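Numbered by my numbering, the letters in the sequence shown go through residues 61 to 398 in order. Think of the CB as a built atom: it goes at the ideal place given N, C-alpha and C, for glycine as much as any other residue. In this text the structure is predicted, and so the values were computed from the model without any measurement. Contents: one structure, followed by commentary.
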Amino acid sequence: MLSERRLQVLRAIVQDYVGTEEPVGSKALTERHNLGVSPATVRNDMAALEDEGYIAQPHTSAGRIPTDKGYRLFVDKLAGVKPMSPPERRAIQNFLEGAVDLDDVVARTVRLLAQLTRQVAVVQYPSLTRSTVRHVELLSLAPARVMLVLITDTGRVEQRVVDCPAPFGEASLADLRARLNSRVAGRRFTDVPQLVEDLPEAFEVEDRGTVSTVLSTLLETLVEENEERLMIGGTANLTRFAHDFPLTIRPVLEALEEQVVLLKLLGEAKDPGVTVRIGHENAHEGLNSTSVVSVGYGSGGEAVAKLGVVGPTRMDYPGTMGAVRAVARYVGQILAES
């Protein structure tokens, strides 16, 4: 275990390096921070931190920079999540409240996160496997044609036109709508097939074919929309940090183009807390020089998807964690109210 003083020295090195982009020396540390010890003692502490792999000397200068291990300790032990100021919180709320539908919520969230953190923002669409049915609407378009509208608890709206095998009257359509909603409203999508399995038997023989066709379309919609979707923004922000990437930012850009990689980076939605993956903790080689800060969001107490940012390991972790968490909270509120 590191002594309290060496932890303070590590914190000071991380803060100075993130702020100045320059390797940090013992003289600068004692001048900028009230460590209460001489530069010689700080030098000894820095030597010990280097021996234990928390900091490194990038070249022959006297300065040191944090390693992935140093950032990890900083995030786990030394960094509090920086809360957003009241004006920042109001700005987030006002920006997101203007959204008209789920696509607009996701697009605004990506733009907002990229602006707040000046990193690459990634937002996962709510997954239907973790969503519940809010309402199923059935509208008559013609005697044998029906519009099926599926509305989720996360504000997602899916529409399908159903061509029925026989004309279906308004009274029968209203009956199907009522019976269907009584069974599936408020229930998870994964439960729906079992819940509607015997529904055709509740109708007259001549209507059962149409009821089965409508139900088949509903179930197909769940399967079709089960694939994970992402939106990404702020990739141009990486060019501001070109010197933070050892050789080139190309591997980072290539990794960001792979949706499977990004989904793995964000992690499982069921983990709602803020997660920070630093440098080589990211399994994809192209992202070994980056850090990923992610958090779950959703309506109610359960996360239905993840959002987060990708940037260089030289990152303002407290500020980034605070921004990601605050935005997720507001997105969850909007989904709950939509």
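Contact annotation: the segment 172-183 touches the segment 375-387, with at least three C-beta pairs closer than 8 Å. Taking 4 residues as the shortest admissible run, the segment 218-250 contains the following complete alpha helix (DSSP H) segments, listed from N- to C-terminal end: 230-244. Short of 8 Å from the beta carbon of residue 261, and not among the five residues preceding or following it, lie these beta carbons of its own chain, in chain order: 268. Under DSSP, residue 202 forms a beta bridge with 205. Secondary structure of residue 159 (DSSP, three-state): coil. The closest CA to that of residue 62, considering only 73, 211 and 105, is found on 105. In this structure, the CA atom of residue 368 is about 11 Å from the CA atom of residue 172.
Around the Cβ of residue 208, a 10 Å sphere holds 16 or more other Cβ atoms; the residue is buried. For the pair residue 323 and residue 359, the CB atoms are not nearer than the 8 Å cut-off. When the five nearest sequence neighbours on each side are left out, the beta carbons in the same chain lying within less than 7 Å of the beta carbon of residue 315 are those of 321, 344, 346 and 347, in order along the chain. Residue 177 sits in a helix when the DSSP states are folded into three classes. Nearest to residue 227 by C-alpha distance, out of 270, 237 and 245, is 270. Assigned with DSSP and collapsed to three states, residue 381 falls in helix. Taking each of 80, 75, 206 and 376 in turn and checking the Cα distance to residue 274, the smallest one comes out for 206. Boundaries for residue 291: no alpha helix (DSSP H) harbours it, while the beta strand (DSSP E) harbouring it runs 290-293, taken from the DSSP string.
Boundaries of the beta strand (DSSP E) around residue 367: 365-372.
Residue pairing by DSSP puts residue 352 in a beta bridge opposite 337 and 370.
The continuous alpha helix (DSSP H) containing residue 104 extends over residues 99-111. Only residues of its own chain outside the window of five on either side were considered, and among them 113, 114, 115 and 116 have a CB closer than 7 Å to the CB of residue 127, listed in chain order. The C-beta separation of residue 244 from residue 166 comes to about 25 Å, leaving the pair out of contact by the 8 Å criterion. Shown here for residue 281: same chain residues with a beta carbon closer than 8 Å to its own, the five before and five after excluded, namely 208, 210, 218 and 220 in chain order. Under the criterion of beta carbons closer than 8 Å, residue 186 and residue 72 do not qualify as touching, at roughly 41 Å. By a beta-carbon distance limit of 8 Å, residue 152 contacts residue 390. Their separation comes to about 5 Å.
Judged by their CB atoms, residue 123 and residue 64 are not nearer to each other than the 8 Å cut-off. Under the criterion of beta carbons closer than 8 Å, residue 86 and residue 74 do not qualify as touching, at roughly 15 Å. Burial of residue 350 is indicated by the presence of at least 16 other C-beta atoms within 10 angstroms of its C-beta.
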